[in-house]
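Residue numbers for the sequence shown follow the numbering used here, beginning at -1 and rising by one.
Virtual Cβ for every residue (Gly too), placed ideally from N, Cα, C.
Computed from a predicted model, the values in this text were never measured in an experiment.
In what follows, a single structure is set out as structure tokens and then discussed.
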Amino acid sequence: MVKKETNSDQLIAHIIKGIEEVKGNDIEILDLREIENTVCDYFIICNGTSNTQVNAIVNSIQKTVSKALKDKPWHIEGSENAEWVLMDYVNVVVHVFQKHIREFYDIESLWGDAKITTIETNY
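What follows is the structure in structure tokens.
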């Protein structure tokens, strides 16, 4: 059990690093482990300012995680229009939004029982 959490912690750290390398905004981690019937342990949510930046964030996450952990997402959805891209790393699911799409769907409020950690950025 401890090993699984360590792997998730490492994965999350590298995902955050990948987001920060291309200046992804409003990064939040939702811890879903205490909620019943969830599909994963964590959501990581961030947004970009355009479809170009959303794709850059997705590519940066893939490159960073692959290089550090030799891991790749099980599934990626939404890259075609890059308004909302979902990256499924099984225990960790990453949502990369354009800002207006994130505000519209407001998935943070859908998971209101989750423990939310906001990542401060310096850019």
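Problem set entry | Neighbourhood of Ala112 by C-beta, 7 angstroms cutoff - its chain only, sequence neighbours within 5 removed | Leu28, Asp29, Leu30 and Ile33
For this session: For the beta strand (DSSP E) containing Asn23, list its first residue and its last residue.
Result: Asn23 to Asp29
For this session: Determine the contact status of Lys97 and Asn45, defining contact as a CB-CB distance below 7 angstroms.
Result: yes
Problem set entry | Test item: CB-CB of Thr62 and Gly22 under 7 angstroms | no
Problem set entry | Cβ-based burial, Gly41 [other Cβ within 10 Å; buried from 16] | According to the sequence as given, residue 41 is Phe; it is not Gly. Buried, because 16 or more other Cβ atoms sit within 10 Å of the Cβ of Phe41.
For this session: Use the C-beta contact count for Leu108: other C-beta atoms within 10 angstroms, 16 or more gives buried, fewer gives exposed.
Result: exposed
For this session: Give the DSSP-derived three-state secondary structure of Glu118 in the structure shown.
Result: coil
For this session: Would you grab the beta carbon distance between Leu9 and Leu67 for me? Rounded to a whole angstrom, and I think it's under 8 angstroms.
Result: 6 angstroms
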